[in-house]
Structures are given as C-alpha cells and as structure tokens.
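Novice:
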Amino acid sequence: MRVGILGSGLMGGKLGTLFTRAGHEVVFSYARRPEKLDRLAREAGGNARAGTPGEAARDADALLLAVHWSRIEDVLQQAGDVSGKVIVSCSLPMNADDTELVVAHTSSGAEELAKRVPGATVISAFNTIPSEVLFAVFEARGNATRPSLVYCGDTGSGKQLAARLIRDVGFDPVDAGQLRIARYTEPFGLLVAQLAYEGEGGPELAYRFERYGK
Ligand SMILES: NC(=O)c1ccc[n+]([C@@H]2O[C@H](COP(=O)([O-])OP(=O)(O)OC[C@H]3O[C@@H](n4cnc5c(N)ncnc54)[C@H](OP(=O)(O)O)[C@@H]3O)[C@@H](O)[C@H]2O)c1
Numbered sequence: 033m034r035v036g037i038l039g040s041g042l043m044g045g046k047l048g049t050l051f052t053r054a055g056h057e058v059v060f061s062y063a064r065r066p067e068k069l070d071r072l073a074r075e076a077g078g079n080a081r082a083g084t085p086g087e088a089a090r091d092a093d094a095l096l097l098a099v100h101w102s103r104i105e106d107v108l109q110q111a112g113d114v115s116g117k118v119i120v121s122c123s124l125p126m127n128a129d130d131t132e133l134v135v136a137h138t139s140s141g142a143e144e145l146a147k148r149v150p151g152a153t154v155i156s157a158f159n160t161i162p163s164e165v166l167f168a169v170f171e172a173r174g175n176a177t178r179p180s181l182v183y184c185g186d187t188g189s190g191k192q193l194a195a196r197l198i199r200d201v202g203f204d205p206v207d208a209g210q211l212r213i214a215r216y217t218e219p220f221g222l223l224v225a226q227l228a229y230e231g232e233g234g235p236e237l238a239y240r241f242e243r244y245g246k
C-alpha cells in the first residue's frame, strides 16, 4: 500500500517507520526541517522517501494525518486535492497547550475533519495510544495476544484499509462503529494519555479489551 504521512513528528514519524517496516511504500511529509524528513526516510529503510504534503497525497492509497489540531488547515492546503483518498487521522482536537479538547460531546475532531474534506473518507485511528509504545507493540506483534486499538469511520473500504494498517503495527483492530463514535474515542484517548504520562508505570502503555460470557 502507498501511505502518505502528513505530519512527521512523534506519531507520524514512528507510524511511518513501522508502515515501512511492514512493507508499505511511505512518503514522509510536513516537518519544519526537510532534513528531518530525509533522515526519517533513510532510517525507516525499505521503500520510504521524503516529500511535500502534495507529493505524499498524490498517489497515496491512505494518508495518515498526524499534526496538531491547529495545523490541520495548513497541512490540508499544502496536500491539495484529497478527494477519493482515505485519511486515517490520529489527530485529537486539542487546544494550543494540549490541556483540553476543543470539540466534544456534540461533535468530534474526526467529524469536523470529515466536513472539511467531503470528498475523502476519514477514519479515526491511532489516537488512543501514546507514541512511546508503538515500537514495543510492533516488536511484540508475534505474541498470542495483541493490544487493542479502537477505530471508527463511515465506509467499509476505508475501515478495511485502516484495520490492515493497525494490524501491521501489531494491534488488534477494534471496530467501534461510525465516525460519530469518535465523540467517545477521542476523550478515551485523553484517558490513555493521563494514565501514560501521569501514571506511575511510564508512557509505554497499551490497552486490551476482553469479552467474557461466550
Ligand atoms: N504523541 C502522542 O503520543 C499522540 C497520541 C495520540 C494522538 N496524538 C495526536 O496526534 C497528532 C500528532 O501528534 P504528535 O505528538 O505526533 O505531534 P508532533 O510530534 O508535534 O508532530 C507534528 C508534526 O507537524 C509538524 N509541524 C508542526 N508545525 C509545522 C509547521 N508550521 N510547518 C511544518 N510542519 C509543522 C512537526 O514538525 P517538526 O517535526 O519539525 O516538529 C511534526 O512533524 C496530534 O493531533 C495529537 O493530538 C498524539
């Protein structure tokens, strides 16, 4: 699969590296210094390169949107026409100092994003997990049990594609339903962040849902 990374920071840099290691063709874009994108592409090995957001978007089967909420408009403008694309967004709609959700209850960041790019399919995923645990989850992907990762969206084909990427990183994808369910998954992402960054065990934290009774 060809995956364009829009925002190559903690999440985009690591997920792009893991997508590359899983065999995907990756274009890293949108960092303040182009050298950083070159370094990420070099260190990811495999089929990765650095590019502009427009280049990342052009031939992509999927785009990972991984920028701060305040940068969404800018990165989308630079990406150009994203009609027909699947946008997997891990971006949480946080205020400037990352202390509060600025969209919640009656909408979600993912739904607001979908309104901004009506021709694209938005899938909300990877926003309930700290970046610090991603490599460890990938390393443990051969274990019998995998950590869960919730995702949601409105089209079956987009969700299939997102589920494949989630599996490739080493998680067990949990389909939470339609995109409006991001109203629940986004605050849940803050709970996980609270446990990861304010809890005692450190930020290398993942979660797993278990179903009983069958
Ligand atoms: N970090 C997590 O564990 C985590 C977990 C769940 C969800 N999220 C969400 O995921 C999204 C990304 O988070 P993150 O932690 O990966 O953020 P980050 O490390 O700050 O990465 C953001 C990327 O955007 C780039 N960028 C920012 N301003 C720019 C500008 N003016 N021009 C060009 N590039 C610019 C940054 O460039 P530089 O590389 O030069 O800094 C960086 O590559 C956020 O919405 C966050 O809420 C994060």
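This note's numbering runs 32 ahead of the 1-based position in the sequence shown. Think of the CB as a built atom: it goes at the ideal place given N, C-alpha and C, for glycine as much as any other residue.
Taking only the alpha-carbon atoms, compute the straight-line gap between Q110 and N127 and give it to the nearest angstrom.
Specialist: Distance between the alpha carbons of Q110 and N127: 22 Å.
Novice: Can you list the residues near ligand 1, meaning Cβ strictly closer than 6 Å to any non-hydrogen atom, in the order they appear in the chain?
Specialist: Output, sorted by chain position: G39, S40, G41, L42, M43, G44, Y62, A63, R64, R65, K68, A98, V99, H100, W101, R103, C122, S123, L124, M126, N159, P162, S163 and G221.
Novice: Could you have a look at T52 and say whether DSSP puts it in helix, strand or coil?
Specialist: Correct three-state label for T52: helix.
Novice: For A94, which three-state DSSP category applies?
Specialist: Reduced to three states, the DSSP call for A94 is strand.
Novice: Tell me the residue span of the beta strand (DSSP E) that contains P7.
Specialist: The chain is shown from 33 up to 246; residue 7 falls before or after that span and cannot be answered.
Novice: How far does the alpha helix (DSSP H) with L181 in it extend, from its first residue to its last?
Specialist: No alpha helix (DSSP H) holds L181; the beta strand (DSSP E) holding it covers S180 to G185.
Novice: May I ask which residues mark the beginning and end of the alpha helix (DSSP H) holding E57?
Specialist: Looking at the DSSP string, E57 is not in any alpha helix (DSSP H); the run it does join, the beta strand (DSSP E), is E57 to S61.
Novice: Quick one: what does DSSP say A157 is sitting in, helix, strand or coil?
Specialist: Of the three classes helix, strand and coil, the one that applies to A157 here is coil, per DSSP.
Novice: Between the segment 220-229 and the segment 197-205, do three or more beta carbon pairs fall short of 8 Å?
Specialist: They do not touch, by the three-pair rule.
Novice: Between A194 and the rest of its own chain, which residues show a CB-CB distance below 6 Å, the 5 nearest in sequence each way excluded?
Specialist: Once the five neighbours on either side are set aside, the close Cβ partners of A194 are V120, I155, A157 and Y183.
Novice: Which residue's Cα is closest to the Cα of A98: T153, G36 and E132?
Specialist: Residue G36 is the option with its Cα nearest to A98.
Novice: State yes or no: is the C-beta of D93 within less than 8 Å of the C-beta of A82?
Specialist: Taking 8 Å as the Cβ cut-off, D93 and A82 do not qualify as a contacting pair.
Novice: If you draw a straight line from the alpha carbon of E143 to that of V135, how long is it in whole angstroms?
Specialist: Roughly 10 Å separates the two Cα atoms.
Novice: Three or more C-beta pairs under 8 Å: does that hold for the segment 157-168 against the segment 231-240?
Specialist: In short, these stretches touch, since the Cβ pair count reaches three.
Novice: Using only the alpha-carbon positions, how far apart do G77 and H100 sit?
Specialist: When rounded, the distance between both Cα atoms is 26 Å.
Novice: D91: which of R64, P125, H56 and R103 sits nearest, CA to CA?
Specialist: Here the closest residue by C-alpha is H56.
Novice: For G245, count neighbouring Cβ atoms within 10 angstroms of its own Cβ and tell me buried if that reaches 16, exposed if not.
Specialist: Result: exposed.
Novice: Taking the C-alpha atoms as reference points, what is the distance between P66 and G41?
Specialist: Each residue's Cα considered, the two are about 12 Å apart.
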